[in-house]
Each structure stands twice: as C-alpha cells, then as structure tokens.
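Engineer: Under this note's numbering, the sequence shown is numbered contiguously, ending at residue 452.
Virtual Cβ for every residue (Gly too), placed ideally from N, Cα, C.
It should be emphasised that the depicted structure is a prediction, and the values quoted were computed from it without experimental measurement.
I have a structure here, written as structure tokens, and I will follow up with some questions on it.
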Amino acid sequence: MEPAANVRDIESLLQKHGNFRADCLNLIASENSPSPLVERLLSEELNRRYGYYTGIDLHQRAYRGNRYIVQIEESAQELAKQLFRAAYVDLRPLSGNIAGIAAAFALGSPGDTVLEVHNAHRYAHKLASSFLKVDLHSVDIPWDGEKYNIDLDRTIALIQHHRPKLVIIGSALFLFPQPVRELKTAMRQFNPDSYLIYDAAHVMGLIAGGRFQSPLDEGADVIVTSTHKTLAGPQGGMILTNDRAIAERMGSALTPLLIANHHLGRLPALAATFLEWLTFGKAQASAIINNAKALGQALHERGLRLVGSELGYTESHTLLPIVDEFGEGGALAKRLEACNIIVGSAEVPAKLGSHGLRIGVQEVTRYGMTPSDAPEIAECIINALRGDNLDDLRRKVIALARRFNRIRFTLDDALDP
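Here you go:
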C-alpha cells in the first residue's frame, strides 16, 4: 500500500505555508514571531532528553546526564525572576492552559467556589464540566461590556456572598488592565485564605515591558501564562509567584500529575526571550500599544465602531471592532483571509452588537509596523469588510506585508560584529 503522502509532499506544504504567511498581514492576537536569536536557540538535541523532577528543586533530577540542562533551566528561571520581579518561576507547563489547570488543581479543594472571567479560559469550569467531574463550583465574574472590564462593584458583592477560594482573572480578549488591587483587598476581607490567580497569557509581553500592569505587585498570588503571544518566545507555559508555599503546591500539581517531561528544547530560547525583554522591553511594549491605538483610531475614522472607543480603544495589543453592518464575524474573517489579512472572529458585548473581530498588532509590530502604517492597514481592512475588489486588494496587502520584513527588538543586532 502506497503512503498517502511522501516527504516531498510534506516539504512542499511547509514551503507553501511559509510563503503564504510571509505575504499576509497577521493580526491574530495570540500569535507572534520569535527573533532569529530565539529561533536559533530552540534545541532539537535537548528535546530528545528527559529533565524530570518533582517539587521545585531543579537539581533533584530523576535522570542522569542533566548537568548542563539544569544550568540552562536555572539561567532561564533567574532571568524570568529578574524580568517579572518574582521570587519563584516554574517553566515546566507546556502551555498557558496547563499552567492554569495546574493552578486550579494546586490551590482549589473539592467543593470550592471559583470566580472566573467568562471570556477567558475558565479553568475551574473546564475541570468541573470535563469527564473528570472535578468538584469545583465555577461562577462567572460580572462583566462591564462597555468598559470591557470586570464590573468591580458587582464582583466584590459576589466575593462577599460566595467567599470563593479562588478568583481567576484575565481574558482571552484583553483590552485594559484589570482591578487586581481592589479584588485582592475584598478577598482579604471576606476570605483571607483565598487566592487570586492572574492569567496573563495575552499580555505577558506588555507586563514584561512595564506598560500594562504589575499583577504580583498589585496583589495577585499567582500569574499563569503562555510564553508566546505578546512575549514572542517559544510556545509553552509559565507560573510565577512570590510565595514559596504556593510554588511548592504548584510543583506538586504539575509533576507528575500533568507533566512528566517538560520539553527541554525551548529552555535556551526562553532564556534569550527574557534577555531581549530585559534589554528592549519598554520600547517593544510601547511600540505594540502605540500601534494598536493608532490602528484603532484609523479604523474609527473610517466609520468602524470599536469596543472601548471612549477609553482610547485599548491599552494592550488587541482591538475589538464591531462588524454587524458587514455580516457575521466568522464569514468576515474568511473574507479577510482571502485578502491575506489574518484575524479571528469574536463575540462583542450584547449591548453593543453581535459580531466582532479580534485584532492584534504584536506580530506586525515585531516586523516593523509604526503608527504611520495604521491608516493603510485600516483601509485594507475596511475594503475587505465591504468586499471591494478582493483580487486587487489582495495584491495591495501582499505589497504591504512585504514592507514589514525585519524583526525588531532582537539581541542579534548587538551580537553582530
């Protein structure tokens, strides 16, 4: 029996994908490109090895041959601690989702009530509704759709009523900083033994650059996150805390329950990612936010409604335009892709509409977008939504995408002779 595909077929598809994406404006809010340095430090050799350990002591390895792996992982941890001002960092999670599941396992107990943001990963809800039937009671945090943020007064009332063990905040569509300090104050008042978990997956780069908020300083007990998105590292997850007891509980929840081998090949690349943010963090985060605001303004000037327009559209990398007048969000995302503009569809608050798009500028920023490019990008988006001459528009988008062809904020520039 002949195989369905051969090596040449796979190589061809990979080449076609690369060529296609190079000719696209990638505005997916959860994707990014690493720098050439970070990409070079992804190690296939390390991916063949096992670095299994339990607890939080990196040196207590179950496998031999780890002497240099431990040093690499320790270096990456120390850089992350410095960058995020965290006492304890765990790089074992294979994704932000696994980091969040581990936090719920580690800090929750059967029967606990968990308050969590509806438009986020809802870790307690996932556990409770899975086949495992984990006994956690998930309650949605009240949401202010017009401000696109937590409704603080109503949430504090819920904290007083339920006295939840866990409050999990963050968002899969993160426009504005959330009220960490105020929530933690209420939790201390009504349940001092509770934990505030901040899911920073989408905004971790902006936190690294000091341009969003500082969750641990503001009272969060734990940060769970992915390491790509705005952070632009290799895909994976991370947990940060300033509390040793919490770190130890996280370590026990991660290994051996969720992870045996934590994919060592990404550790050198993570270390380089943290070094780049320590070097360029404020400039990189500022460039992302400035571009997002400029694109929001350009879309608004062309008649497109956006959630949060009265608040400056966004304080992150993400925009949430309302597209009801043009059609259904998923269909519009397909139309935009036909023009080589890659976005995702999204829900919008019911008060404001039904259909939206989730747009992120972090990758085009890495490739050289500045606020002066925003009007041209906005014009392409509007024309695609209208369905104007898609073939001509696609050619225009390809030409625009090819202008953004150099990764910014990379230590390669400093390392070149």
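1. Which same chain residues end up closer than 6 Å to Ala373 when comparing Cβ atoms and leaving out the 5 residues on each side of it in sequence?
2. Could you pull out every residue in the same chain whose Cβ sits closer than 6 Å to the Cβ of Ala115, ignoring the five residues on either side in sequence?
3. Compute the beta-carbon to beta-carbon distance between Ile274 and Ala139, rounded to the nearest angstrom, for a pair I have assumed lies under 8 Å.
4. Please classify Arg337: does DSSP put it in a helix, a strand, or coil?
5. Is the beta carbon of Ala236 closer than 7 Å to that of Lys264?
6. Can you list, in chain order, the residues of its chain whose CB lies under 6 Å from that of Gln319, leaving out five sequence neighbours each side?
7. Taking only three categories from DSSP, how would you classify Asp234?
8. Indicate whether Arg301 and Gly271 have their beta-carbon atoms separated by less than 7 Å.
9. Go to Leu48, then tell me how far its alpha helix (DSSP H) extends in each direction, as first and last residue.
10. Residues in the same chain with beta-carbon distance under 8 Å from Ala64, minus the five sequence neighbours each way, listed in chain order, please.
11. Please report the residue range of the beta strand (DSSP E) in which Thr148 lies.
12. Can you check which of these residues, Val215, Arg96 and Ala267, is closest to Gln248 by C-alpha distance?
13. Could you have a look at Val215 and say whether DSSP puts it in helix, strand or coil?
14. What does a CB cutoff of less than 7 Å around Gly331 pick up in its chain, not counting 5 residues either side in sequence?
15. What did DSSP end up calling Tyr87 once you bin it into helix, strand or coil?
16. For Pro164, is the classification buried or exposed, using 16 other Cβ atoms within 10 angstroms of its Cβ as the cut-off for buried?
17. To the nearest angstrom, report how far apart Leu289 and Val149 are at their CA atoms.
18. Leaving out five residues before and five after Lys325 in sequence, what residues of the same chain have Cβ atoms less than 6 Å from its Cβ?
19. With 16 other CB atoms within 10 Å as the buried threshold, where does Asn101 fall?
20. Take Pro212 as the anchor and find which of Ile377, Ile107 and Tyr183 has the nearest alpha-carbon.
21. Residue ranges of each beta strand (DSSP E) run of no fewer than 3 residues wholly in the stretch 252 to 298, ordered along the chain?
22. Please state if the CB of Gly388 and the CB of Asp359 are separated by a distance shorter than 7 Å.
23. Does the beta-carbon of Ser173 have 16 or more other beta-carbons within 10 angstroms, so that it is buried, or is it exposed?
24. First and last residue of the beta strand (DSSP E) that includes Ala381?
25. First and last residue of the alpha helix (DSSP H) that includes His197?
Structural biologist: Inspection of the coordinates gives the following:
1. The beta carbon of Ala373 sits closer than 6 Å to the beta carbons of Leu425 from its chain, once the five residues preceding and following it are set aside; these are given in chain order.
2. Contacts found: Val124 and Phe309.
3. 12 Å between Cβ atoms; not a contact.
4. Looking at Arg337 - three-state DSSP - the assignment turns out to be coil, as it is neither helix nor strand.
5. Contact check for Lys264 against Ala236 passes: the beta carbons are separated by less than 7 Å.
6. These residues qualify, in order along the chain: Gly244 and Phe444.
7. Reduced to three states, the DSSP call for Asp234 is strand.
8. Closer than 7 Å, so yes.
9. DSSP places Leu48 in the uninterrupted alpha helix (DSSP H) bounded by Val42 to Ala57.
10. Its chain contains Leu208, His237, Lys264, His352, Thr353, Gly379, Arg393, Ile394, Gly395 and Gln397 as the residues whose beta carbon lies nearer than 8 Å to that of Ala64, once the 5 sequence neighbours on both sides are disregarded; these appear in chain order.
11. Taken as a continuous stretch (DSSP letters only), the beta strand (DSSP E) holding Thr148 covers Asp147 to Glu151.
12. When only C-alpha atoms are compared, the closest one is Val215.
13. In the displayed model, Val215 falls within a helix according to three-state DSSP.
14. Result list for Gly331: Leu341, Tyr348, Thr349 and Leu354, in chain order.
15. Judged by DSSP in its simplified three-state form, Tyr87 adopts coil rather than helix or strand.
16. Reading off the sequence shown, one finds Ser at residue 164, where the question assumed Pro. So Ser164 ends up on the exposed side.
17. The straight-line gap from Cα to Cα measures roughly 20 Å.
18. Going by the sequence as given, residue 325 is Asn instead of Lys. Correct list, in chain order: Pro406.
19. Asn101 comes out buried.
20. Proximity to Pro212 across Ile377, Ile107 and Tyr183 peaks at Tyr183, based on C-alpha coordinates.
21. Fully contained in the stretch 252 to 298 are the following beta strand (DSSP E) runs of length 3 or more, in chain order: 257 to 261 and 272 to 276.
22. In this structure, Gly388 lies closer than 7 Å to Asp359 by Cβ.
23. Ser173 should be labelled buried.
24. Counting along the chain, the beta strand (DSSP E) containing Ala381 begins and ends at Gly379 to Ala381.
25. It spans Leu187 to His197 - the alpha helix (DSSP H) in which His197 sits, taken as one unbroken run.
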